[in-house]
Amino acid sequence: MQVIGIILILISVGTVVGPVGAVAIIYRDDLSQLVITPQIRDIINGNSPIIPVNSNSNVDSGGGPNLGGLMSPTFVSAQVDEATHTFTATFKITNTLNYDLTLKSFSANVEITQNHIQASSLSLGNPVTVQAGETAPLTISGSWTQAAQDYIINNYSSSASVEVFIANAEVNVNGVVIQSSGTIDAGNIPFNVVG
Amino acid sequence: MQKKINIIAFVAGISTLLLIVISIFVPWWQLAVGSPAIASVNVSPVNLNLDLLGNFITIPIIYALNIACALSLASGGIIMLIYSLRPNKSYSNKLLGFGYKKPLYAVILFVIGMFAMSYLVQRFSGFAFPLIGSGSQSLPQGMAPNGVNIEVAVSAGFGWPFYFAIVVAGLCVAARLYHRKIAADTMLPPPPQKQ
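Going down the list, the protein sequences come from chains A and B. Every letter in the first sequence is one number past the one before it in the working numbering, and letter 109, counting from 1, is 109. Every letter in the second sequence is one number past the one before it in the working numbering, and letter 81, counting from 1, is 81.
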């Protein structure tokens, strides 16, 4: 009976000490890696290839955050209805992750950089699912303000483009809502694109 | 009356071994971040699975503790089975005392661990998540680029193996109580013989 008691104690101790001791020996050179592996440390520091968003690389010419990194849109074409002051723009969006992403919603305001004139509001036409590492078309609809139209006619008559930025952008990707309180430089929009 | 086997302990032993196999594949508790999920945490005492954008993250010390728990439960289940077949031996009490506690400890430590994890994650990262239910949680500012607010849809809940584990723990306790009856029956004096 005494022997059985000792065997049971040995089993109790061995089942815990064995696995824990084994990993402690494996990571004996740096015991902190028992809890925080290099992979986890990279995620915490924002340097992980799993999430290609680096907080240090998001300052653009407008001084605000850039929502790029997870997705990179490329302009394809646009249709404009001058009578209703509305337009539809088509982009190609590339999913840089090794994971399928669904862009559920997008909304933003567009302002003319000079004098911060409210130019337009944008929204996503339909939710878009982009397979891992692939590209899919994306339709953004919007309308422009009469004030912006008047401002451009009066101030950009001799220009071929207007510099704009995006403000108050809100993106919903896979239920993750990213809201930017800053501005995103959208560069120069050529007038021939929007008619 | 002599009992040849403790049937409740036998069922408890089989259930304990079954619980280990189930718990490897089906989590006791699951947290999904995003919709569709971009990250998930699947937890059971024998397997903790962190999935971020399709990448599995392993924490060595947790992995070791999972193996320890699996070995501990397995030893408990096997000892319980051995006891159930020989409940009247002099060493039966020791076997039962060793075996019946394992699933009970697993359930209790799991619940304590879940509350501790919830508290510690909130304490050190500022990210609060529900143990049961769904909602929307903001990421701490340190985890988002400057000027950007990130809100994620999270949902969490206990899976059926958790409730099965409670049943197994209950069976083990019932086996312990039933052992008293077996022991009492064993010690009954023989019935008086008719003259």
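Beta carbons are placed, not taken as given, at the ideal position from N, Cα and C, and that holds for glycine.
Give the single residue among the options whose Cα lies nearest to the Cα of residue i.
| i | options | result |
| --- | --- | --- |
| T96/A | L53/B, G126/B and V111/B | L53/B |
| H116/A | D81/A, V173/A, I184/A and T15/A | I184/A |
| S23/B | L120/B, F164/B and A9/B | F164/B |
| I62/B | G34/B, V43/B, A74/B and G77/B | V43/B |
| V110/A | L103/A, N45/A and S123/A | S123/A |
| G99/B | K4/B, F10/B and I5/B | F10/B |
| I112/B | W29/B, I5/B, I8/B and F25/B | W29/B |
| R86/B | L171/B, K4/B, R176/B and G170/B | K4/B |
| S143/A | I189/A, I178/A, A83/A and G187/A | A83/A |
| S125/B | Q141/B, V107/B and L177/B | Q141/B |
| L101/A | S35/B, R180/B and R176/B | S35/B |
| V21/B | N88/B, F162/B and A144/B | F162/B |
| C69/B | N126/A, P19/A, Q149/A and I44/A | P19/A |
| N55/B | N88/B, V41/B and N146/B | V41/B |
| L171/B | V46/B, D51/B, A32/B and L81/B | L81/B |
| Q39/A | L50/B, I57/B, F25/B and N49/B | I57/B |
| I67/B | V46/B, L50/B, G77/B and V148/B | V46/B |
| F191/A | S158/A, D29/A and I44/A | S158/A |
Looking only at its chain, what residues have a beta carbon closer than 7 Å to the beta carbon of residue i, apart from the 5 residues adjacent to it on each side?
| i | result |
| --- | --- |
| V168/B | A12, S15, T16, L19 and P103 |
| S72/B | K102 |
| T113/A | E163, V164 and F165 |
| V173/B | Y100 and L104 |
| Q122/B | A128 |
| S55/A | Any answer about S55/A is weak, because its pLDDT of 45 lies below 50 and its placement is not dependable; what the coordinates show is given next. Excluding sequence neighbours, S55/A sits near G46. |
| Q33/A | Y27 |
| L131/B | M114, S118 and A156 |
| R176/B | L96 and Y100 |
For residue i, collect the residues of the same chain with a Cβ closer than 8 Å to its Cβ; drop the 5 residues on either side in sequence, then sort them by chain order.
| i | result |
| --- | --- |
| L31/A | A24 |
| Q146/A | H85 |
| G133/B | S155, A156 and G157 |
| A225/A | As shown, chain A starts at 1 and ends at 195. That puts residue 225/A outside it, with no answer to give. |
Would you check if the distance between the CB atom of residue i and the CB atom of residue j is smaller than 8 Å?
| i | j | result |
| --- | --- | --- |
| S92/B | Y83/B | yes |
| F110/B | S118/B | no |
| V76/A | K92/A | yes |
| A132/A | N174/A | no |
| N199/A | S105/A | Outside the displayed range of chain A (1 to 195) lies residue 199/A, so it cannot be described from this structure. |
| L95/B | I108/B | no |
| V35/A | I38/B | no |
| T210/A | S75/B | Outside the modelled stretch of chain A, which goes from 1 to 195, sits residue 210/A, for which no answer is possible. |
| A108/A | N188/A | no |
| N88/B | I182/B | yes |
Since residue i sits in a beta bridge, which residues does DSSP pair it with?
| i | result |
| --- | --- |
| P137/A | K92/A |
| V33/B | A39/B and V154/B |
| V148/B | S180/A |
| W144/A | S120/A |
| P190/A | S161/A |
| D81/A | T86/A |
| L52/B | A39/B and N55/B |
| V173/A | L103/A and V176/A |
In chain order, what residues of the same chain lie with their CB nearer than 6 Å to the CB of residue i, ignoring the 5 residues before and after it?
| i | result |
| --- | --- |
| A89/A | A78 and I140 |
| D42/A | S48 |
| G195/A | Any reading at G195/A must be qualified, since the residue scores a pLDDT of 47, below 50, and its modelled position is unreliable; no value is offered. |
Q.
Does the contact criterion of 3 or more C-beta pairs under 8 Å hold for the segment 152-172 of chain B versus the segment 127-144 of chain B?
A. Flag = yes, the segment 152-172 of chain B and the segment 127-144 of chain B touch.
Q) Counting pairs of Cβ atoms below 8 Å between the segment 157-172 of chain A and the segment 131-139 of chain A, do you hit three or more? A) Remark: fewer than three beta-carbon pairs, one from each stretch, lie closer than 8 Å, so the segment 157-172 of chain A and the segment 131-139 of chain A are not flagged as touching.
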